[in-house]
Amino acid sequence: MNIATRFAAVIVGMSLLAGCTTLTEGEFNTIHASLEGSPAVKRMAIKDCIARERATPLGEKKTYAAFMNVSVAKYETALCSRISNAVANGRMTYADYVKLQSPTADNSKVIRIMQGR
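For the sequence shown, the working numbering assigns the number 19 to the initial residue and increments by one for each residue that follows.
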C-alpha cells in the first residue's frame, strides 16, 4: 500500500465515527467539526486509529516509520495523531483527501503532514 493510500485509509477509518465508509464532502466536514470541537472525540478517533494501524505488517510499518521520521514503536501514534490533528485544525481539507485518490496528484502537503512538518 503506498503512502497516500495509507493516509486515505486512516481518514476513512475515522469516518466510521460518522457511520460511513465513503467520504463525501459533507461527511468529511462533519468529521472535521467533530474532531475540532471535541477533545474526547479526537482521543477516541486516535485510539481507534492506533488499534487499526497495529494490524499493519511490520515491513510496511518500517517503511512508513522511516518516511515519517519516527521509530517503528511510535509509528501508529504519530500517524494517527498527525492525521487527526490535521483534519481537526483544517490543515487537511476535503480537496486534499480527494487528491489522495489520484496517483498523479500533488500530495506534497499530505507528505508534510505525515512527516510532522
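Note that beta-carbon positions come from the ideal geometry of N, C-alpha and C, so glycine has one too. Remember, it's a predicted structure, so these values are computed and weren't measured experimentally.
CB of A96 within 7 Å of CB of E54, strictly: On the sequence shown, residue 96 is found 78 positions in, with the first residue counted as 1. On the sequence shown, residue 54 is found 36 positions in, with the first residue counted as 1. Cβ distance not < 7 Å, so A96 and E54 don't count as in contact.
Three-way DSSP call (helix, strand, coil) for S89 in this model: Working through the sequence shown from its first residue, we reach residue 89 at position 71. Three-state result, S89: coil.
Under the three-state DSSP convention, the category G44 falls into: Within the sequence shown, the letter at position 26 stands for residue 44. Residue state for G44 is assigned as helix, using DSSP reduced to three classes.
Minimum Cβ-Cβ distance from V128 to chain D less than 7 Å: Looking for chain D here will not work: only one protein chain is present.
Proximity of K79 and V90 at Cβ, strictly below 7 Å: For the purposes of this step, residue 79 is taken as residue 61 along the sequence shown, with counting starting at 1. For the purposes of this step, residue 90 is taken as residue 72 along the sequence shown, with counting starting at 1. Yes, the pair counts as a contact, with Cβ atoms nearer than the cut-off.
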